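Structure, as structure tokens:
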Amino acid sequence: MQISMAVILICSQMNILLVEDEHKIRQGLKKIIEDVITSKLRITEASNGREALDWLKTQDQVDLIITDIRMSEMNGIELIKRAKESHPNLLFVIISGYDEFVYAREALRYGVTDYLLKPIERVELAQVLQKISRQLHSTNQPNPKTTGTDVTDDTDRLLIRRVRELVNEYLNQDISLQFLAERVYLNPKYLSYTFKRETGQNLS
């Protein structure tokens, strides 16, 4: 996919709060967002969850929070839980490292819209923003609550993605079902069943 195909046109302003404690990563994400959104855009930055939450207390017009999971002061999970109390319709995208699968899965249970694994890919971020843009502007109704089925689907998608990453990471080693199951904190039989159901392929 060419990057130019992922450019997003937004009719009204999108207001994004970007929460990341590593300055270099935060600036890189900001640059990508500015590149793929070609119309009205406001990006506010915060270096941790507590700073983000303090800023939210003074704001009504926020469409999306993009947040890292592991941060000082207040992590992304706690930020999502507390932000939803005052902004129940706010959309979230979480950023996680490869070793943070459990945290990412927990965040999905709180109804986050999507997740991104570090290092962030430009096209993948553009696709996520495209989906959010459609969600924000296709209807005037409030953001619908995430159903149990939606959460399950997202969790399974995250699971399969993490397993694929593990296979690629340890491709030169003798990988067993037990090895993979331990790293995604699941029963081996359940992991095998879920992988087969989602991909149509046997994990072996």
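Under my numbering, think of the first position of the sequence shown as 13, with each following residue one higher.
The C-beta atom is built at its ideal place from N, Cα and C for all residues, glycine as well.
Quick caveat, the model's predicted, so the values are computed rather than measured.
**OP:** Please name the residue in TYR122, ILE28, GLN185 whose C-alpha comes closest to that of GLN73.
**Re:** Looking only at TYR122, ILE28, GLN185, the smallest Cα-Cα distance to GLN73 is reached by ILE28.
Original post:
Relative to the C-alpha of LYS130, which residue among PRO200, ALA119, LEU178, SER108 is closest?
Top reply: Here the closest residue by C-alpha is SER108.
Original post:
So which of ILE55, LEU198, GLN25 has the shortest CA-CA distance to GLU32?
Top reply: Looking at the Cα atoms, ILE55 is the closest of the given residues.
**OP:** Run through the stretch 23-104 for me and flag every whole beta strand (DSSP E) of 3 or more residues, listed as ranges in chain order.
**Re:** Along the stretch 23-104, the beta strand (DSSP E) occurs as fully enclosed runs of 3 or more residues at 26-31, 53-58, 76-80, listed in sequence order.
**OP:** Within its chain, find whatever has a CB closer than 7 Å to the CB of LEU192; leave out the 5 residues flanking it on each side and keep chain order.
**Re:** So the list reads VAL175, LEU178, LEU203, once near-sequence residues are dropped.
Original post:
Under the rule that 16 or more other beta-carbon atoms within 10 Å means buried, what is LEU12, buried or exposed?
Top reply: The structure shown does not extend to residue 12, since the chain is modelled only from 13 through 216, so no value can be given for it.
Subject >> Limits of the beta strand (DSSP E) - the one that LEU129 falls within >> reply: Counting along the chain, the beta strand (DSSP E) containing LEU129 begins and ends at 126-129.
Original post:
What separation, rounded to the nearest whole angstrom, lies between the Cα atoms of MET26 and LEU171?
Top reply: So the alpha carbons of these two residues sit roughly 30 Å apart.
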